[in-house]
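Peer 1: All residue numbers for the sequence shown refer to my numbering, where the first residue is 314 and numbers rise by one.
Ideal Cβ positions, reconstructed from N, Cα and C, are used throughout, including at glycine.
Bear in mind the structure is a predicted one, so any value in this text is a computation, not a measurement.
Dumping the structure here so I can ask a few things about it.
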Amino acid sequence: MIVLKTGRELAVMREACRISYGALQEIGKAIEPGVTTAELDRLAEAYIRSKGAVPNFKGYEGYPATACISINNEVIHGIPSKKRKLVEGDIVSVDLGALYEGYHGDNAATFAVGTVSDEAKRLMDTTRESLYEGIRAARAGGRIGDISHAIQAYVEAHGYSVVRQYVGHGVGTSLHEAPEVPNFGSPGRGVRLLPGMTIAIEPMVNVGGPAVRVLPDGWTVLTSDGSLSAHFEHTVAITADGPQILTAD
Ligand code: MF3
Ligand code: CO
Numbered sequence: 314m315i316v317l318k319t320g321r322e323l324a325v326m327r328e329a330c331r332i333s334y335g336a337l338q339e340i341g342k343a344i345e346p347g348v349t350t351a352e353l354d355r356l357a358e359a360y361i362r363s364k365g366a367v368p369n370f371k372g373y374e375g376y377p378a379t380a381c382i383s384i385n386n387e388v389i390h391g392i393p394s395k396k397r398k399l400v401e402g403d404i405v406s407v408d409l410g411a412l413y414e415g416y417h418g419d420n421a422a423t424f425a426v427g428t429v430s431d432e433a434k435r436l437m438d439t440t441r442e443s444l445y446e447g448i449r450a451a452r453a454g455g456r457i458g459d460i461s462h463a464i465q466a467y468v469e470a471h472g473y474s475v476v477r478q479y480v481g482h483g484v485g486t487s488l489h490e491a492p493e494v495p496n497f498g499s500p501g502r503g504v505r506l507l508p509g510m511t512i513a514i515e516p517m518v519n520v521g522g523p524a525v526r527v528l529p530d531g532w533t534v535l536t537s538d539g540s541l542s543a544h545f546e547h548t549v550a551i552t553a554d555g556p557q558i559l560t561a562d
């Protein structure tokens with residue numbers, strides 16, 4: 314079932330999303346060579362709790378941390394660890410969210426550790442831009458496939474591939490709601506977009522092929538071919554006046 318949110322609900326959800334965005338920026342500011350992913354996770358959790366919210370990934374299907382932190386060839390769902398130190402040249406995908414007064418925010422971004430390769434920069438730029446292409450296509454009266462297609466077309470025009478096993482999603486009083494929001498598909502297909510829908514759009518993009526595999530830890534998703542991967546995500550509201558990014562200041 315797809316839940317449409319009222320203006321009042323959207324106002325609360327915007328606050329959950331503002332906190333989620335703030336926590337992501339806190340991690341972004343702390344990213345540097347030598348910092349461990351567990352330290353970054355702790356910063357995000359402290360920030361979220363200081364705002365009267367709760368980290369919504371922690372305990373979700375048994376997930377043990379506030380943030381998912383995935384490095385280089387890791388696509389998503391990397392588990393923060395005291396043993397994992399960032400190194401100059403890494404790219405680091407951070408995904409996290411906050412639950413506030415019953416509503417969820419969800420966002421992600423890939424950050425550079427110091428100076429990174431030209432390929433890594435181009436991958437991050439392409440993935441971020443593909444998210445904005447998807448957001449621009451999220452208009453009331455359109456369909457989910459418009460978003461999916463906009464992302465896929467942009468990514469593939471740049472010679473990269475879109476991960477298919479994991480998709481974006483509705484978000485609201487649950488972290489994951491209907492509908493699914495794939496990062497590949499055909500315009501004019503899928504669920505109709507209506508004012509009051511809130512969706513997390515989250516392209517995961519690989520330099521090499523689209524295939525991924527999961528580590529024996531049951532969480533960490535890696536590219537099958539070892540190529541670099543990036544991930545950007547915003548929670549977006551569909552309104553009569555166009556898409557609104559909720560995960561913002
Ligand atoms: N961040 C994922 C998403 O965007 C959900 C993470 S699942 C968790 O949909 F268990 F790691 F929290
Ligand atoms: Co999400």
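Going by the DSSP bridge assignment, what does residue 381 pair with across the sheet?
Peer 2: Paired residues: 408.
Peer 1: At what residue ranges does the stretch 401 to 480 contain a whole run of the beta strand (DSSP E), taking only runs of 3 or more?
Peer 2: Those beta strand (DSSP E) runs which fall completely within the stretch 401 to 480 and span 3+ residues are 404 to 409, 411 to 413, 420 to 425.
Peer 1: Beta-carbon within less than 6 angstroms of residue 519's beta-carbon, same chain only, minus the 5 sequence neighbours each way: which residues are those?
Peer 2: 474, 536, 540, 542.
Peer 1: Under 9 angstroms between the Cβ atoms of residue 394 and residue 361?
Peer 2: Contact flag unset, no.
Peer 1: Out of curiosity, what's the CA-to-CA distance linking residue 417 and residue 323?
Peer 2: Looking at the two C-alpha atoms, the distance is approximately 11 angstroms.
Peer 1: Identify the residues that DSSP records as bridge partners of residue 546: which are they?
Peer 2: Beta-bridge pairing links residue 546 to 421.
Peer 1: Considering Cα atoms alone, identify which of 470, 331, 316 is closest to residue 409.
Peer 2: Here the closest residue by C-alpha is 331.
Peer 1: Got a sec: does the ligand MF3 put a non-hydrogen atom nearer than 8 angstroms to the Cβ of residue 488?
Peer 2: Yes; taking the cut-off as 8 angstroms, the Cβ of residue 488 has a heavy atom of the ligand MF3 nearer than that.
Peer 1: Once you ignore the five residues that flank residue 467 on each side, which residues in its own chain have a CB closer than 6 angstroms to its CB?
Peer 2: So the qualifying residues of the chain are 443, 446.
Peer 1: Could you check the C-alpha separation between residue 553 and residue 411 for me, to the nearest Å?
Peer 2: Near 26 angstroms, if we compare the C-alpha coordinates of residue 411 and residue 553.
Peer 1: Under 9 angstroms, do residue 405 and residue 425 count as touching if we go by C-beta distance?
Peer 2: Yes, the Cβ-Cβ distance between residue 405 and residue 425 is below 9 angstroms.
Peer 1: Can you tell me which of the three DSSP states residue 513 falls into?
Peer 2: Residue 513: strand per DSSP, three-state reduction.
Peer 1: According to DSSP, what are the bridge partners of residue 496?
Peer 2: None, per the DSSP bridge assignment.
Peer 1: Would you identify the three-state DSSP class for residue 558, choosing helix, strand or coil?
Peer 2: Three-state DSSP puts residue 558 in a strand.
Peer 1: Per DSSP, what are the beta-bridge partners of residue 332 in this structure?
Peer 2: None, per the DSSP bridge assignment.
Peer 1: Three or more beta-carbon pairs under 8 angstroms between the stretch 454 to 470 and the stretch 489 to 507, yes or no?
Peer 2: Taking 8 angstroms as the limit for Cβ pairs, the verdict is that the stretch 489 to 507 does touch the stretch 454 to 470.
Peer 1: Do residue 512 and residue 476 have their C-beta atoms closer together than 9 angstroms?
Peer 2: No, these two residues do not count as a Cβ contact at 9 angstroms.
Peer 1: Three Cβ pairs or more, each shorter than 8 angstroms: is that satisfied between the stretch 337 to 356 and the stretch 492 to 500?
Peer 2: Counting Cβ pairs under 8 angstroms, fewer than three are found: no touch.
Peer 1: Looking at the strands, I want to know which residues DSSP matches up with residue 483.
Peer 2: BP columns for residue 483 point to 490, 512.
Peer 1: Give the straight-line distance between the Cα atoms of residue 517 and residue 388, rounded to the nearest whole angstrom.
Peer 2: Taking the straight line joining both Cα atoms gives about 7 angstroms.
Peer 1: Quick one: what's got a C-beta closer than 7 angstroms to residue 336's C-beta in the same chain, skipping five residues either side?
Peer 2: So the qualifying residues of the chain are 357, 360, 361, 409, 411.
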